[in-house]
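Here's the structure, in structure tokens; my notes come after.
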């Protein structure tokens, strides 16, 4: 049996056409003298031009995105001086829609056959969109990491001032950073079809879950607040606020006793959201209790970070905290 030399095999035209179709390629011929392009049917669809006649290079240029047009024109003209393969990626703007096309061929005048240069067009829109999404995601992740490090630095300074010793500082800082981590998990970048916000109720439920052995909504904690999306920055701020309030409750409030209860309710007033944190069943509320750096952090976060307000009401039945937040700020 005689072995075939693959380098000398002449592939049938129909086999080559199947390969071209499978690769999604469009074949084109550029007449360098008349400056006209001839393309196969796929290429004509790609450029939205008639399939039964050559197309002038200038006419095709009009369909190139204005931001890429001059660069692509210059690059095509320069291919006659390029030795070997070349690749030009650019955008087209057709009927208001942007597409990405990759033009590939062999340069230099030596590649001209009967006055024409040949090459292929490939629609790379999907790849480019995925690349842009990855770059956007990387930029967003970098931005969020910087913000988290900044918040962590502030927490470290605040905790060092309010701690009695190294052990106390370690315990407080671990708790605050854990809340920060849970908020970051909730506010992580999501894919386009999932959206980019966190539900307000989820922030309270996740941060408060360790304080309710029966599970949020079922045990000592009740959460009933409007369904509202919260942006990544506001999610982190709110999570820290909830953590500080819960920590204070463990020390001085409803969470300091087995039968203590917490009710978190809210009402959406359009331009602002009002949230009520009501503790019952704990020791009588004392306005001197917990008036440390944690409380200062809560007030600073609400008033400066979220552009809202917070009010405390102390009574024998328990502590009631009312937070008033601008809805536009929560979306950031």
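In the working numbering, the protein residues as written are 327 to 658. The beta carbon of each residue, even a glycine, is placed where N, CA and C say it ideally should be. Please read all numbers here as calculations on a predicted model, not as lab measurements.
query	result
Beta-carbon contacts of residue 356 that lie in its chain and below 7 Å, excluding the five residues immediately before and after	363, 442, 443
Cα-Cα separation between residue 387 and residue 657, rounded to whole angstroms	42 Å
Beta-bridge pairing of residue 561 - partner residues as DSSP gives them	Residue 561 pairs with nothing; no bridge assigned.
Identity of the residue in 524, 576, 421, 567 nearest residue 536 by Cα	576
Beta-carbon proximity of residue 503 to residue 349, cut-off 9 Å	no
Beta-carbon gap between residue 632 and residue 560 smaller than 9 Å	yes
Option nearest residue 595 by Cα separation, candidates 377, 553, 455, 359	553
Opposing strand residues paired with residue 606 [DSSP bridges]	587
Under 9 Å between C-beta atoms of residue 609 and residue 638	no
Check whether residue 551 and residue 591 have beta carbons under 9 Å apart	yes
Three-state class that DSSP yields for residue 409 in the structure shown	coil
Pairwise C-alpha distance: residue 599 and residue 593	6 Å
Unbroken alpha helix (DSSP H) run spanning residue 346, endpoints	339 to 349
Boundaries (first-last residue) of the beta strand (DSSP E) holding residue 375	Element bounds for residue 375: n/a, residue is neither H nor E.
Euclidean distance between Cα positions of residue 580 and residue 587	6 Å
Proximity of residue 440 and residue 427 at Cβ, strictly below 9 Å	no
Cβ neighbour criterion (16 or more within 10 Å) applied to residue 569	buried
Own chain residues within Cβ distance below 6 Å of residue 604, not counting five before or after	589, 646
DSSP-derived helix/strand/coil call for residue 525	strand
First through last residue of the beta strand (DSSP E) which encompasses residue 423	423 to 433
Residue 482 vs residue 533 beta-carbon contact at 9 Å	no
Residue 492 to residue 501 span [Cα, whole Å]	14 Å
Close beta carbons around residue 635, own chain, < 6 Å, minus the five adjacent residues each side	650
Per-residue burial, residue 546 [other beta carbons within 10 Å of its own, 16 or more giving buried]	buried
Residue burial classification, residue 583 (beta-carbon count within 10 angstroms, cutoff 16)	exposed
Cβ-based burial, residue 526 [other Cβ within 10 Å; buried from 16]	buried
Burial state of residue 565, where buried means 16 or more other Cβ atoms lie within 10 Å	buried
Straight-line gap, residue 434 to residue 371 (C-alpha atoms, nearest Å)	28 Å
Three-way DSSP call (helix, strand, coil) for residue 541 in this model	Interpretation of residue 541 is limited by its pLDDT of 45, a score under 50 that renders its predicted location unreliable; the figure taken from the coordinates is listed afterwards. Note: residue 541 maps to coil in three-state DSSP.
DSSP-derived helix/strand/coil call for residue 445	strand
Alpha-carbon to alpha-carbon, residue 401 and residue 341	32 Å
Outcome for residue 558 when other beta-carbon atoms lying within 10 angstroms are tallied against a minimum of 16	buried
Separation of residue 419 from residue 601, as counted between CA atoms	48 Å
Length of the line joining the Cα atoms of residue 445 and residue 368	14 Å
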